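Colleague: Those sequence lines, one after another, are chains Y and A.
Residue numbering for the first sequence follows my numbering, starting at 1 and increasing by one per position.
Residue numbering for the second sequence follows my numbering, starting at 1001 and increasing by one per position.
Quick one: the structure is below, and I'll ask about it shortly.
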Amino acid sequence: MASDNDSFKKGLEGLEAGGPRSPQEAEGPPPPAGGLPPHPSVDALRARFGDAVLRHELVAGDEHVVYVDRARSHEILAWLKDEPGHEYDFLQDLTAIDYGNGRTLQVVWQLWSISNKLNLRVKVEVPLDDLAVESVYHLWRASDWLEREVFDMFGVVFRGHPDLRRILMPYNYAEGHPLRKDFPLRGRFSRAEQTRRALSQKTEDHYSPRELEIAHLLGQTLPDPFNKGETGSQQGQFGGMGGGG
Amino acid sequence: MALRRVVYNVTRTPEMAPGGSLVHAPIVPVQGEGVEVHEDIAGEHMLINIGPQHPATHGVLRLVLELDGETVVRCIPHIGYLHSSFEKLGEYRDWNQVVPLTDRMDYLAPLIYNCCYAMAVEKLMGIEVTERCKVVRVICMELDRIFSHLLWLGTTAIDLGAFTVFLYTFQERERIYDLHESLTGARITTSSTRIGGMMADLPAGWIEQLQKFVDTFPRTLDEVETLLTNNSIWIGRTQGVGVMSAEEAINFGLSGPNLRASGVTYDIRKDRPYYDYETYDFDVPVGEHGDIYDRYLCRMEEMRQSLRILQQAIRRLPGGPINVDDPRVILPPKTAAMNDMESMIHHFKVVMEGVRAPVGESWFSVESSKGELGMYVVSDGGAKPVRWRVRGPSFINIAALPHMIEGALLSDVIAVNASLDIVLGEIDR
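Structure below.
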């Protein structure tokens, strides 16, 4: 029983100091780049791109993160994808982080090389007054929707993306970018205003500009996907089961 | 507009046996030269909507199709009808409170999402869970892989017109629901993991119930396989439809059975093993054609391999505690919290302030039933995540849908969409 009590006391000491610390935090600031376990691609990147490779960090024990210059991100990512011996052919994820308090946004590419079984996380810091990075659409098609999602949620513009538009929020969404820290949890508009806007959507609001263009070329009236409007009965076959008809 | 070859099999005619009964010859799809019956007549294109409320879209997916006759010229998917901003909600909840959000994303394999989230946070905090917890989580994840594949099998078969399969698979799913319910108290929204362990240890008799399932399930699987694998309608609807080459599949970021059906051997359980998966004896099925049929075969085999893993996990399940012995992350037992002061205080702290994570970030991905499920958690040292990001496999798999169906027939759209095994809860988040 005494030993149980001891272990609880030991635990309580730690409580005041917060949760368990990661190993490198316990030893103080992260060691300089030379002291990190080497990562073949990071070393090669440094040799090839020099100053464009800003920082190299090791997080959560075994995850290598490399910060690169925003202006050369596309060049570096293209090199990582195609250079023999590295070949990060699989884009696992593309996302962004907003820490709030006016800190720069981070855009994150999580890469995996199927042939070499290597992981690498590439980050770019994007200042809030110029939220733009180069698109990697033509390197990895997987980035198509991921870039649209980051654009939708954070407002980062991916230059060179052929069809950058909102993906999760409606096309006429006017409240901003939800995952930014300055976005309130319940949205910027009142509930009444949000409801009013949702109910007053026009047929065109459900379509992307490209579809409107195609419909215009075909001379076709677009069906309302929710079966609203005067022509509801005629176009009912195209729409769903919801709506007033 | 490309011509489409229509092939009729007219080589077989029914024969009578000497006794007078009809000889049933298996009809196989013709592999030889096709006969062109007609050319597509260039007509007016039209735009139509499939969905958002359409049973064959498996949720509220909306596809806008430009059609030339029955041929799909262009497909533009619209998502977001189920958007609930889970990632934003997660930033307002402490680490343990995020768990219920995870299983609402993929309600077809909730335990995999619970486990993956807990694993990502534990990696961030540097917590090593107990041996028993590892094996229990492996059991949970493999069980839900079967759970999810069964739903995929049933609904895909329905989409292609085979209703019976659905009844078989949902009967088996019901048994997994029962296992879920006795383990977690819920059938779908399991929320069973906690940082550092599980909500509760396995209930009495659960392993026996699971063993019974493992013993009897292969029989159903065999029966289902006789319904589909050599069925000429099934083959005709699935072979050569929705083909993705290996290079395309990698470039589009497909993962899971969709990627492996194209011949790429990427399975996280083998490539970046977690929870001692390298010590389990199992094979990863890989297809070669990248069409719907190969995806089907991959998933069928994955269910059998999951059974092998389950069998081994049941055999090696160790005793001992299920939760880590760390009062900073795990609640004390109720009796201790009521009887001694330290436990009471620490119960209060964990509940009121939440578990604290160190400054940093961690990315963790597991092989979920639908593909690579990644969880990315970023902490600034507080009790809540700064960013909780989910790399949903369905989100990225469905993005390849237009590429797979442009140029195909309208009826193939349903088949290809079904074959990707999507869940809209996770696509829309």
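Virtual Cβ for every residue (Gly too), placed ideally from N, Cα, C.
Quick caveat: nothing in here was measured; it's all calculated off a predicted structure.
For Ile1050(A), which beta-bridge partners are listed by DSSP?
Modeller: Leu1063(A)
Colleague: Going by beta carbon distance, what residues of the same chain come within less than 7 angstroms of Leu1401(A), once the five residues before and after it are set aside?
Modeller: Cys1075, Pro1077, Val1416, Asn1417, Leu1420
Colleague: Any Cβ of chain A within less than 7 angstroms of the Cβ of Leu218(Y)?
Modeller: yes
Colleague: Less than 7 angstroms between the C-beta atoms of Ala1408(A) and Val1072(A), yes or no?
Modeller: yes
Colleague: Pull up the distance between the alpha-carbon of Ile1127(A) and that of Met1404(A), whole angstroms please.
Modeller: Cα-Cα distance, rounded: 42 angstroms.
Colleague: Taking Trp79(Y) as the query, report the chain A residues whose CB atoms sit under 9 angstroms from its CB, ordered along the chain.
Modeller: Here the premise fails: no neighbours, minimum Cβ distance about 17 angstroms.
Colleague: Can you pull the chain A neighbours of Tyr99(Y), defined as C-beta to C-beta under 9 angstroms?
Modeller: Val1378, Asp1380, Val1386, Arg1387
Colleague: Give me the Cα-Cα distance between Arg1104(A) and Glu1372(A), rounded to the nearest whole angstrom.
Modeller: 18 angstroms
Colleague: Ignoring anything shorter than 4 residues, give me the alpha helix (DSSP H) runs that lie fully in the segment 1214 to 1280 of chain A, in order along the chain.
Modeller: 1232 to 1238, 1246 to 1251, 1257 to 1260, 1268 to 1271
Colleague: Please list, in chain order, the chain A residues whose beta carbon lies closer than 7 angstroms to that of Ala215(Y).
Modeller: Correct list: Leu1047.
Colleague: Could you tell me which chain C residues have their CB closer than 7 angstroms to the CB of Leu1124(A), listed as they occur along the chain?
Modeller: Although the question refers to chain C, the structure presented lacks it and instead comprises the protein chains Y and A.
Colleague: Relative to the C-alpha of Asp1267(A), which candidate in Glu125(Y), Ile114(Y), Thr104(Y), His64(Y) has its C-alpha closest?
Modeller: Among Glu125(Y), Ile114(Y), Thr104(Y), His64(Y), the Cα nearest to that of Asp1267(A) belongs to Ile114(Y).
Colleague: Would you say Asp93(Y) reaches chain A, if we count a Cβ-Cβ gap shorter than 7 angstroms as a contact?
Modeller: So, interface residue.
Colleague: Could you spell out where the alpha helix (DSSP H) holding Ala1383(A) opens and where it closes?
Modeller: Per DSSP, Ala1383(A) belongs to no alpha helix (DSSP H) and is neither H nor E.
Colleague: With Trp112(Y) as the anchor, note down where its beta strand (DSSP E) starts and where it stops.
Modeller: 105 to 113
Colleague: For chain A, is any of its Cβ atoms less than 7 angstroms away from the one on Trp145(Y)?
Modeller: Nearest CB-CB separation between Trp145(Y) and chain A: below the 7 angstroms threshold.
Colleague: Mind listing which residues of the segment 1265 to 1297 of chain A have their C-beta closer than 7 angstroms to chain Y's C-betas, in chain order?
Modeller: So the list reads Tyr1266, Asp1271, given in the order they occur along the chain.
Colleague: Within the continuous beta strand (DSSP E) that includes His39(Y), where are the two ends?
Modeller: Per DSSP, His39(Y) lies in no beta strand (DSSP E) and is assigned neither H nor E.
Colleague: What residues in its chain sit with their C-beta under 8 angstroms from that of Thr1190(A), if we drop five residues either side in the sequence?
Modeller: Asp1103, Pro1110, Leu1111, Asn1114, His1180, Leu1183, Thr1184
Colleague: Quick one: any contact between the segment 150 to 158 of chain Y and the segment 1358 to 1366 of chain A, if contact means 3 or more CB pairs under 8 angstroms?
Modeller: no
Colleague: State the beta-bridge partners of Glu97(Y) as determined by DSSP.
Modeller: Note that residue 97(Y) corresponds to Ile in the displayed sequence, not to Glu. Paired residues: Gln106(Y).
Colleague: Leaving out the 5 sequence neighbours to the left and right, which residues in its chain are closer than 8 angstroms to Val1243(A) when beta-carbon positions are compared?
Modeller: His1289, Gly1290, Asp1291, Met1404
Colleague: State the start and end residues of the unbroken beta strand (DSSP E) segment that holds Asn119(Y).
Modeller: 118 to 126
Colleague: What's the gap between the Cα of Gly1381(A) and the Cα of Val42(Y)?
Modeller: Cα to Cα, Gly1381(A) sits roughly 27 angstroms from Val42(Y).
Colleague: Please report the distance separating the alpha-carbon of Phe226(Y) from that of Pro178(Y).
Modeller: 25 angstroms
Colleague: Below 8 angstroms, how does it come out for the segment 1208 to 1215 of chain A and the segment 1191 to 1199 of chain A: are there three or more Cβ pairs, yes or no?
Modeller: no
Colleague: Is there at least one Cβ from chain Y nearer than 7 angstroms to Asn1251(A)'s Cβ?
Modeller: yes
Colleague: Buried or exposed: where does Thr1169(A) fall if 16 or more other Cβ atoms within 10 Å of its Cβ makes it buried?
Modeller: buried
Colleague: Among residues of its own chain, excluding the 5 on either side of Arg1237(A), which ones have a beta-carbon nearer than 7 angstroms to its beta-carbon?
Modeller: So the qualifying residues of the chain are Leu1160, Ala1415.
Colleague: I want to see whether chain A comes within less than 7 angstroms of Leu179(Y), judged by CB atoms only; does it?
Modeller: yes
Colleague: Could you give the distance in angstroms between the alpha-carbon of Ile97(Y) and the alpha-carbon of Leu105(Y)?
Modeller: Ile97(Y) and Leu105(Y): Cα-Cα distance of roughly 6 angstroms.
Colleague: Quick one: what does DSSP say Glu1301(A) is sitting in, helix, strand or coil?
Modeller: helix
Colleague: Whether or not the segment 54 to 64 of chain Y and the segment 80 to 94 of chain Y are in contact is what I'm after, with contact meaning three or more pairs of Cβ atoms, one per stretch, closer than 8 angstroms; do they touch?
Modeller: Verdict: no, contact absent.
Colleague: How would you label Arg1389(A), buried or exposed, when you count the other beta carbons within 10 angstroms and need 16 or more for buried?
Modeller: It is buried - the Cβ of Arg1389(A) has at least 16 other Cβ atoms within 10 Å.
Colleague: Are the segment 1138 to 1151 of chain A and the segment 1383 to 1399 of chain A in contact at 8 angstroms, needing three or more beta carbon pairs?
Modeller: Taking one beta carbon from each stretch, the segment 1138 to 1151 of chain A and the segment 1383 to 1399 of chain A have fewer than 3 pairs nearer than 8 angstroms; the two do not touch.
Colleague: Determine the direct distance from the alpha carbon of Ala1313(A) to that of Ala1118(A), and round the result to whole angstroms.
Modeller: 20 angstroms
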